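Remarks on the structure that follows.
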Amino acid sequence: MARITLNDVRKSYAGNQVIHGITTQIADGEFVVIVGPSGCGKSTLLRMVAGLEAISAGTVEIGGKVVNDLEPRQRDIAMVFQNYALYPHMSVRENMAYGLKIARLPKAEIEARVAKAATMLELQPYLDRKPRALSGGQRQRVAMGRALVREPAALLLDEPLSNLDAKLRVQMRLQIKEMHLRTGQTTLYVTHDQVEAMTLADRLIVMNKGVAEQIATPLEVYERPASEFVAGFIGSPAMNIVPVQAAKGHVTLPGGVELRLPAAPRTGALRLGLRPEHLRAAEPGEPAIPVLLRSVERLGADAFGYGMIEGSDEPLVLRLPGTSGLGRGDRVEVVPDPAHLHFFDPQDGRRIGD
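Numbering of the sequence shown is given in UniProt numbering, commencing with residue 1 and proceeding in unit increments.
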């Protein structure tokens, strides 16, 4: 196990900077997930830690040692990729043991490590099978086992579940989490899937266009997004972002709707963030946001209403009881929870105030 430290890490291609000065520390035994949309630089950052991409500026440390100029095999890390890359002519046991044989470890040591990893990943019944006789989830577990038997200082995973179907992804998420709890392995994990990120991570690095928009625990990212981008990316459905004009004691929404709200961080133009679950049905006569529903998604226990603020073309999503009889064309009035208001700067999108 080892601490990973990124100090103002940057990456440029032909003078075009794609990773913009990321600084953070991954503690010994911590599980950190890099999450963001396609093209945000998350895999590039992981590959820089692994030594598969050169670092243009800044330093990467693993276990207190700067590794910028070290080859991947010298960094004491193991990687698991989206593609399993198993040897088809080898059994599961042979695939897991191959790297250890190349390293010339004693046979007894190899057998002990393979047995330990196979037990942890529930692969004992499949040790003598070839990859073609395994399911996608089983193959991914073999790839993870092949990395774990090396007992690296850090484990790096790049979109390891993206080739699996939805049910297998859920199962593998649970197994990865349990594996980490048992091993205490320092882990850096890349995904575009916010559910994977939220359920697996001790901390998140939320990336956008090569910038770390926020580095924090999943709960903090959800409850206090540092930017409008983070607010819109983390959460499903996404947070509502509504342009408002703030004055003393109230804000004006699109359509001329006025709401009495606790003091905004400043007056003038702002962007107000409201999560769907923080909009409740208004009491009779209570100042509220009128919404005309365009569709309702029913998901069993919950439903989500998608509509427009009356008198405007501003969309608004709200959570409804699963038993709600509301549908397209209905009008509802909702009130935001004053304890869960988020204000963002309309110019740079950064969070304003607490």
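Virtual Cβ for every residue (Gly too), placed ideally from N, Cα, C.
Given the structure is predicted, the values throughout are model-derived calculations rather than measurements.
Buried/exposed call for residue 322, threshold 16 Cβ in 10 Å: exposed
At least three beta-carbon pairs within less than 8 Å, the stretch 168-178 to the stretch 135-152: yes
Cβ of residue 22 within 8 Å of any chain C Cβ: Chain labels in this structure do not include chain C; a single protein chain is all it has.
Start-to-end residues for the alpha helix (DSSP H) that takes in residue 298: Per DSSP, residue 298 belongs to no alpha helix (DSSP H); it is in the beta strand (DSSP E), 289-298.
At least 3 beta-carbon pairs within less than 8 Å: the stretch 184-195 vs the stretch 37-55: yes
Where residue 12 falls: helix, strand or coil (DSSP): strand
Residue 268 - containing alpha helix (DSSP H), residue span: Careful: residue 268 lies outside any alpha helix (DSSP H), inside the beta strand (DSSP E) at 268-274.
Beta-carbon gap between residue 206 and residue 234 smaller than 8 Å: yes
Close Cβ partners of residue 271 (< 8 Å) along its chain, the five nearest in sequence each way excluded: 228, 241, 242, 243, 244, 343, 344, 345, 346 and 349
Where residue 93 falls, given that 16 or more other Cβ within 10 Å makes a residue buried: buried
Proximity to residue 250 [Cα-Cα], best of 176, 264 and 237: 264
N- and C-terminal bounds of the beta strand (DSSP E) containing residue 87: Unbroken run through residue 87: none, as it is neither H nor E.
Identity of the residues DSSP links to residue 180 by a beta bridge: None; residue 180 has no bridge partner.
Close-in-space but distant-in-sequence residues of the same chain around residue 288 (CB under 7 Å, 5 per side omitted): 282, 333, 334 and 335
Proximity winner among 311, 280 and 27, relative to residue 337 (alpha-carbon distances): 280
Local conformation of residue 351 per DSSP, three classes: strand
Residue 74: first and last residue of the uninterrupted beta strand (DSSP E) it sits in: Note, residue 74: premise wrong, no beta strand (DSSP E); not H, not E.
Contact check, residue 278 vs residue 340, beta carbons under 8 Å: yes
Identity of the residues DSSP links to residue 343 by a beta bridge: 272 and 352
Pair within 8 Å by beta-carbon distance, residue 55 and residue 26: no
Residue 352 versus residue 99: straight-line alpha-carbon distance, rounded: 51 Å
Enclosing alpha helix (DSSP H) for residue 229 [first to last residue]: 228-233
8 Å Cβ cutoff met for residue 198 and residue 218: yes
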